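Visitor: Can you read through this structure? Questions will come right after.
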Amino acid sequence: MTFETDAIHAGYGSQYNLYAASVPIYATAAFDMASALHGDELASGEKQGFSYSRVANPTVDILEKRLARLEGGVGAVAVSSGMAAVSYALLCVAEQGGSIISPTNLYGASVDAMETFFPNFGIHTDFAKNINDLDEVESLITPHTRAIFAESVANPSTEITDVEGLASLAHKHGIPLIVDNTVPTPYLFRPIEFGADIVIHSTTKGITGHGNAIGGIIIDAGHFDWTNGRFPQFTQTELVISDERKGKWESFSSAFGKEAFIHRIRTKYLRTLGAVQSPFNAYLQLVGLETLPQRIRQEVDSATAIAAHLQQVPHVTKVFYTGIDEGSQAALRKKYLPHGVGTILSFLVEGSEENVVRILDSVKTFTYIPNIGDAKSLIVNPARITHREVPAEYRDAAGVTDNLIRLSIGLEDVSDLIADLDQAIASAY
Ligand SMILES: *Cc1c(COP(=O)(O)O)cnc(C)c1O
Numbered sequence: 097m098t099f100e101t102d103a104i105h106a107g108y109g110s111q112y113n114l115y116a117a118s119v120p121i122y123a124t125a126a127f128d129m130a131s132a133l134h135g136d137e138l139a140s141g142e143k144q145g146f147s148y149s150r151v152a153n154p155t156v157d158i159l160e161k162r163l164a165r166l167e168g169g170v171g172a173v174a175v176s177s178g179m180a181a182v183s184y185a186l187l188c189v190a191e192q193g194g195s196i197i198s199p200t201n202l203y204g205a206s207v208d209a210m211e212t213f214f215p216n217f218g219i220h221t222d223f224a225k226n227i228n229d230l231d232e233v234e235s236l237i238t239p240h241t242r243a244i245f246a247e248s249v250a251n252p253s254t255e256i257t258d259v260e261g262l263a264s265l266a267h268k269h270g271i272p273l274i275v276d277n278t279v280p281t282p283y284l285f286r287p288i289e290f291g292a293d294i295v296i297h298s299t300t301k302g303i304t305g306h307g308n309a310i311g312g313i314i315i316d317a318g319h320f321d322w323t324n325g326r327f328p329q330f331t332q333t334e335l336v337i338s339d340e341r342k343g344k345w346e347s348f349s350s351a352f353g354k355e356a357f358i359h360r361i362r363t364k365y366l367r368t369l370g371a372v373q374s375p376f377n378a379y380l381q382l383v384g385l386e387t388l389p390q391r392i393r394q395e396v397d398s399a400t401a402i403a404a405h406l407q408q409v410p411h412v413t414k415v416f417y418t419g420i421d422e423g424s425q426a427a428l429r430k431k432y433l434p435h436g437v438g439t440i441l442s443f444l445v446e447g448s449e450e451n452v453v454r455i456l457d458s459v460k461t462f463t464y465i466p467n468i469g470d471a472k473s474l475i476v477n478p479a480r481i482t483h484r485e486v487p488a489e490y491r492d493a494a495g496v497t498d499n500l501i502r503l504s505i506g507l508e509d510v511s512d513l514i515a516d517l518d519q520a521i522a523s524a525y
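Take any residue in the sequence shown, note its place counting from 1, add 96, and you have its number in our numbering.
Pasting the structure below:
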């Protein structure tokens, strides 16, 4: 099936849902186990089924299956936010004192987690200056390294990551590549096709597409070998997936093979840390996902036109949108993102932060909101809001200076958006 068709149908069978045309919201905390025997089989994992919505829920299950299909993965776990997805994936891979290699041009809360919070749990990050410099990245790999992490298209610079190059480097050293694919969405880019092992999303953004629900997802490509000696958490036996009374002991690798990662996320992280996606939010995300291709196509066209226009506007000194960049990123764009790099862009303006404040206060069609991927067009000053917690040194390296403005382009008519930016910038000087 094509992407457009899977976005509407994958993972759902109306025959299992009383022929409901729209995915039902299973608003239930728990499920009738019917008989003592069935209860025992469910609890031991011998039979698949639903028992308690902290671990799995039928509405959420359809979202997981649909996004796994759209990304080309073998399985997925939906969680309550994009940050839960980032945190669970990185902690699961690096627990027991591992380290991660990552660039600093990332979503603010992701950098902050790696820089100031995960070290409290014994997990450290080696930040690469240039994640596309494979020699630099290789020089950072140590026996403790457990993953390379990057955003496929960085927020807000839209810099493109060389996913295939990083995946082969990672695999040469027996470590997985984890990609945050939020900015392009699976419609524009599918990292698994280029070797990524784990893909994560803030589904809050383009996937939901209407700014009405927070959510995240972790998707497993199902091709990484977790038994290569670097990952004891996958090869040690665990009571939760074993049957003590029958003397049958399993590790996540022995029980689930190359799908060990996604099963471990569900059984250890979702079950114990509990950042569960609600069935109602999963429903909103499924509805939004149905129109992902059509929305992204129009939004990319508008973002491209706006980026080109801003380059001509007085007081705008630089536009960051790799979708029109003919410099060093053009080759990566042609290889990975031929249909567009996404729906965010940013630009620098002359003067001081005061001019930025005037622009933010003068827009009428754009809304001043710290989100992206909404059907409404949004504007924000990242240095003060979305990247405030990022150390100044990393902010500067990521181009997030005080005079930077980020836009997320929605579905309004592009001529109205351009007119709004023109009047707001003109009135700020
Ligand atoms: C928004 C965002 C996140 C965090 O997602 P939430 O749903 O807000 O928790 C992570 N990564 C990227 C690239 C984002 O844009």
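Glycine is no exception: its CB is placed at the ideal position from the N, C-alpha and C atoms.
Being a predicted model, the structure only gives us computed values, none of them experimental.
Is residue 216 close to ligand 1? I mean its beta-carbon at under 7 Å from any heavy atom of the ligand.
Guide: Answer for residue 216: no, Cβ out of range of ligand 1.
Visitor: Give the list of continuous beta strand (DSSP E) stretches no shorter than 3 residues that lie fully inside the segment 307-350.
Guide: Complete beta strand (DSSP E) runs here, min 3: 312-316.
Visitor: In the structure shown, what three-state DSSP assignment does residue 213 receive?
Guide: Residue 213: helix per DSSP, three-state reduction.
Visitor: According to DSSP, is residue 223 part of a helix, a strand, or is it coil?
Guide: Looking at residue 223 - three-state DSSP - the assignment turns out to be strand.
Visitor: Given residue 292, which residues of its chain have a CB within under 7 Å of its CB, disregarding the five upstream and five downstream residues?
Guide: Cβ within range, chain order: 259, 263, 273, 275, 317.
Visitor: Using DSSP bridges, identify the partner residues of residue 56.
Guide: Absent from the model: residue 56. The displayed extent of the chain is 97 to 525, so no value can be given.
Visitor: Expressed to the nearest angstrom, what Euclidean distance is found between the alpha-carbon atoms of residue 295 and residue 302?
Guide: Residue 295 and residue 302: Cα-Cα distance of roughly 15 Å.
Visitor: Examine ligand 1 and report whether any of its heavy atoms sits within less than 7 Å of the Cβ of residue 472.
Guide: Answer for residue 472: no, Cβ out of range of ligand 1.
Visitor: Looking at residue 509 and ligand 1, is the gap between the Cβ and the nearest heavy atom below 7 Å?
Guide: No, ligand 1 has no heavy atom inside 7 Å of this Cβ.
Visitor: Taking Cβ to Cβ, would you say residue 174 is nearer than 8 Å to residue 160?
Guide: For residue 174 and residue 160, yes; Cβs fall inside 8 Å.
Visitor: Checking 8 Å against the spacing of the C-beta atoms, do residue 246 and residue 257 come in under that value?
Guide: Cβ distance < 8 Å, so residue 246 and residue 257 count as in contact.
Visitor: Based on the DSSP output, what are the partners of residue 414 in its beta bridges?
Guide: DSSP output for residue 414 lists 444 as bridge partner(s).
Visitor: So, under 8 Å CB-CB, residue 501 and residue 477 are touching, yes? Tell me the CB distance rounded to an integer number of Å.
Guide: 6 Å between Cβ atoms; contact.
Visitor: Does the beta-carbon of residue 531 have 16 or more other beta-carbons within 10 angstroms, so that it is buried, or is it exposed?
Guide: Nothing can be reported for residue 531, as the shown portion of the chain is limited to 97 through 525.
Visitor: Check whether the Cβ atoms of residue 121 and residue 375 sit closer than 8 Å, and answer yes or no.
Guide: Against a cut-off of 8 Å, the Cβ pair of residue 375 and residue 121 comes out as a contact.
Visitor: Are at least three pairs of beta-carbons, each pair with one atom in the segment 443-462 and one in the segment 401-419, less than 8 Å apart?
Guide: A contact exists between the segment 443-462 and the segment 401-419.
Visitor: Return yes when the Cβ of residue 350 is within less than 8 Å of the Cβ of residue 513, no when it is not.
Guide: No.
Visitor: By DSSP, does residue 257 sit in helix, in strand, or in coil?
Guide: Reduced to three states, the DSSP call for residue 257 is coil.
Visitor: Give the DSSP bridge partners of residue 245, in chain order.
Guide: Paired residue(s): 274.
Visitor: Considering only residues of the same chain and omitting the five flanking positions on each side of residue 138, which have a CB-CB separation below 7 Å?
Guide: Contacts found: 129, 145, 147.
Visitor: Can we say the segment 212-228 touches the segment 164-172, given the rule of at least three CB pairs closer than 8 Å?
Guide: Too few Cβ pairs lie closer than 8 Å, so no.
Visitor: Give the single residue among 189, 105, 143 whose Cα lies nearest to the Cα of residue 528.
Guide: This structure leaves residue 528 out entirely; the chain is present only between 97 and 525.
Visitor: Measure from the alpha carbon of residue 238 to the alpha carbon of each residue in 383, 226, 266, then state which is nearest.
Guide: That would be 266, whose Cα lies nearest to the Cα of residue 238.
Visitor: Does the beta carbon of residue 336 sit closer than 8 Å to a beta carbon anywhere in chain C?
Guide: Considering every chain present, this structure includes no chain C. It has just one protein chain.
Visitor: What number of angstroms, rounded off, separates the C-alpha of residue 155 from the C-alpha of residue 400?
Guide: Distance between the alpha carbons of residue 155 and residue 400 is about 36 Å.
Visitor: Can you name the start and end residues of the alpha helix (DSSP H) that residue 406 belongs to?
Guide: Element bounds for residue 406: 388-406.
Visitor: Around the Cβ of residue 395, are there at least 16 other Cβ atoms within 10 angstroms (buried) or fewer (exposed)?
Guide: By the neighbour-count rule (16 or more Cβ atoms within 10 Å), residue 395 is buried.
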